[in-house]
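One structure is given here, and the rest of the page talks about it.
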Amino acid sequence: MWIKHLTNFFTAIYTNPTGRVVLLTLYYLAIIVGLIIMYGRGNFTTPKFVYQGF
Amino acid sequence: MKRMPHLAAAIVSFFVLTLALIGLNDYAQSIEQEYVNALAPLNLSQTLNGITLQRAALYRPDLLLVYGSSEMTVENTPYQAEKFFATYPTGFTVFNVVNLGAGSLTMAEDLAALGPDLKGKKVVISITPAPFTFSALTEEYYAGNYSRLHAYGLIFSPYLSTGLKFAAAQRLLGHPKTLQNDPFFEFTLNHMVDTSIQNQALYVIMWPLGELQTEIMQLQDHAEALFYLRDHSVDPDVKRIPQQIDWSKDFQDALAEQKLHTQSNPYGIEDWRWKLFQGKSEVPYPAGSGNAAFLNFLKTSEEWPDFKVLLDVLHELGAKPLILSRPVNGGYWTAVGVSEDAQNAYYIKLHAIVDPYDMTLVDYRQYTNDIYFSMDSVAHTSRYGWVYVDQTLDQFFHGNLH
């Protein structure tokens, strides 16, 4: 029952032009945030070496 | 907007993302400013390989950035600058950006990435005669000190001249292993071998991508600093104990302690190092027998052109550096057949390169024959030598070095 209410709710928003843009914006932002979480962390490591400058 | 909801959504998303990243940048900078004093003695790898903590340190009135190599760390002694100034006795401490095997080129990349934040700022560039006179820095050392963020910060810097960037590109191309997994960067560098119109045009086309990548890496650097502070308990307050330094006493105590560690040879080489020296049974070598090799290395060392790039970066960004060389370990080098005249050639060439830049240069030449200044042939600073260095750093910070 609640799924039907939810579906009707989103359908009502999506059929509204402004609401559609808002939903799409949230969708794009979610993708961007997901990509940042998955691939955004930098790699600052450097190869190890044995110092022999003595 | 009605007909292009996806385009409108994409534009709004981009705008929101940009605002969020600007907010992240500002937030991270404020946190880094708050914690940088506490992070200074930790010698984090992020300090070395990133740029944001160094940038935060530049804006602290009580931190002096020191860029250097093994001469800053090998001798584990309370006279090491980081420990000597740990409680801000005269109002400052050092912020070390030092690592074993660091050379002029990686320092140049690092400082270039700081950009206009360097303008008018005091920084210390610590060097030893070794890579200029007899011991080339290996590819492993360069790779171990290489930071992609720094290299991009140099090559794509909007604040450095085209000539300098193209000259630096030539130097970076001499280390192909660090470019293996970076085809975009390698392609860019390969087209910076000369300043022809085509190459300059190609650089202009590549620049936006390079600059975007640099900005992304800086944001990632901020994130790493924030992650570190999230995962570790760091007290931003540091202990400050103002006190008068009794330099005479420190010189006396350090010398006495150094003598206790150099009893196996007459050259001031520390006992544990002398033990490892393969050629000690043949010392002293015939006078002058080592001159040719020494002078040839001095003439051809790859460290000189890298050092020139470093000086050019400092000059173009308006920094106020102290170039702090260590003295040649005269007693040792004479014993292995390098005459005083040949040793002096290092100082002459060093001054010939640095003096035109009107930068403060301290070479401790007068201590060349003080056998206790260095602990080994590479001129790593001994306990006793450290007191001289500390005194110089103190004078430089307070504007008393001329």
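Residue numbers (the working numbering), protein chains in the order written: chain V, 1 to 54; chain B, 1001 to 1402.
Just so you know, even glycine gets a beta-carbon here, dropped at the ideal spot from N, CA and C.
Three-state class that DSSP yields for residue i in the structure shown
{"i": "I1127(B)", "result": "strand"}
{"i": "V1283(B)", "result": "coil"}
{"i": "S1264(B)", "result": "coil"}
{"i": "L1173(B)", "result": "coil"}
{"i": "S1325(B)", "result": "strand"}
{"i": "L1317(B)", "result": "coil"}
{"i": "L1361(B)", "result": "strand"}
{"i": "L1064(B)", "result": "strand"}
{"i": "T1093(B)", "result": "strand"}
{"i": "K1349(B)", "result": "helix"}
{"i": "K1119(B)", "result": "coil"}
{"i": "M1206(B)", "result": "helix"}
{"i": "K1299(B)", "result": "helix"}
{"i": "A1028(B)", "result": "helix"}
{"i": "P17(V)", "result": "helix"}
{"i": "Q1244(B)", "result": "coil"}
Sequence-distant residues of its chain with Cβ nearer than 6 Å to residue i (five each side left out)
{"i": "L1322(B)", "result": "V1124, T1360, F1396"}
{"i": "Y1168(B)", "result": "Residue identity differs from the one stated: residue 1168(B) is Ala in this sequence, not Tyr. These residues qualify, in order along the chain: L1154, V1309."}
{"i": "S1264(B)", "result": "D1271, W1274"}
{"i": "D1250(B)", "result": "V1387"}
{"i": "Y1142(B)", "result": "H1175"}
{"i": "L1324(B)", "result": "V1124, S1126, V1362"}
{"i": "M1217(B)", "result": "L1149"}
{"i": "N1283(B)", "result": "Correcting the residue identity first, residue 1283(B) is Val in this sequence and not Asn. Contacts found: A1335."}
{"i": "A1102(B)", "result": "S1069, N1145"}
{"i": "F1488(B)", "result": "With chain B running from 1001 to 1402 in the structure shown, residue 1488(B) is simply not present."}
{"i": "L1189(B)", "result": "A1169, L1172, L1173"}
{"i": "Y1367(B)", "result": "P1327, F1373"}
Residues bridged to residue i (per DSSP)
{"i": "T1381(B)", "result": "S1374(B)"}
{"i": "V1338(B)", "result": "DSSP lists no partner for V1338(B)."}
{"i": "V1098(B)", "result": "G1068(B)"}
Own chain partners of residue i with C-beta closer than 8 Å, once the 5 adjacent residues on each side are dropped
{"i": "L1317(B)", "result": "L1111, A1112, L1114, G1115, P1116, L1118, K1119, Y1159, L1160"}
{"i": "D1182(B)", "result": "R1148"}
{"i": "L1164(B)", "result": "V1309, D1312, V1313, E1316"}
Neighbourhood of residue i by C-beta distance below 7 Å, restricted to the same chain and skipping five residues each side
{"i": "L1255(B)", "result": "Y1372, Y1384"}
{"i": "A1086(B)", "result": "P1041, T1093"}
{"i": "E1257(B)", "result": "R1383"}
Proximity winner among the options, relative to residue i (alpha-carbon distances)
{"i": "L1209(B)", "options": "F1185(B), T1090(B), N1199(B)", "result": "F1185(B)"}
{"i": "A1379(B)", "options": "K1239(B), Q1343(B), S1289(B)", "result": "Q1343(B)"}
{"i": "V1234(B)", "options": "S1374(B), S1013(B), L1039(B)", "result": "L1039(B)"}
{"i": "L1298(B)", "options": "D1312(B), K1280(B), V1313(B), V1338(B)", "result": "V1338(B)"}
{"i": "V1016(B)", "options": "Y39(V), V33(V), M38(V)", "result": "V33(V)"}
{"i": "W1247(B)", "options": "Q1391(B), K1320(B), T1262(B)", "result": "Q1391(B)"}
{"i": "F1134(B)", "options": "D1355(B), L1393(B), N1329(B), F1294(B)", "result": "F1294(B)"}
{"i": "V1238(B)", "options": "S1377(B), P1089(B), K1280(B)", "result": "P1089(B)"}
Handout entry: Touching by the beta-carbon criterion (3+ pairs, under 8 Å), the stretch 1110 to 1123 of chain B and the stretch 1016 to 1030 of chain B
Key = These segments do not touch.
Handout entry: Contact the stretch 1345 to 1359 of chain B vs the stretch 1136 to 1155 of chain B: 3+ CB pairs below 8 Å
Key = Between the stretch 1345 to 1359 of chain B and the stretch 1136 to 1155 of chain B, the count of C-beta pairs closer than 8 Å stays below three; the two stretches do not touch.
Exercise for the section: For the stretch 19 to 39 of chain V and the stretch 1009 to 1016 of chain B, state whether three or more C-beta atom pairs, one from each stretch, are separated by less than 8 Å. Expected result: The count of Cβ pairs closer than 8 Å, one atom from the stretch 19 to 39 of chain V and one from the stretch 1009 to 1016 of chain B, reaches three, so the stretches are in contact.
Practice task
Check whether the stretch 1194 to 1201 of chain B touches the stretch 37 to 49 of chain V, counting contact only when three or more Cβ pairs, one atom from each stretch, lie closer than 8 Å.
Solution key: In this structure the stretch 1194 to 1201 of chain B does not lie against the stretch 37 to 49 of chain V, because fewer than three pairs of beta carbons, one per stretch, are closer than 8 Å.
Exercise for the section: State whether the stretch 1026 to 1042 of chain B contacts the stretch 1172 to 1185 of chain B, with contact taken as three or more CB pairs (one from each stretch) at a distance under 8 Å. Expected result: Because the criterion of three Cβ pairs below 8 Å is not met, the stretch 1026 to 1042 of chain B and the stretch 1172 to 1185 of chain B do not touch.
Practice task
May I ask you to verify whether the stretch 1219 to 1228 of chain B touches the stretch 1058 to 1072 of chain B, counting CB pairs closer than 8 Å and requiring at least 3?
Solution key: No, because fewer than three Cβ pairs between the stretch 1219 to 1228 of chain B and the stretch 1058 to 1072 of chain B fall closer than 8 Å, the two stretches do not touch.
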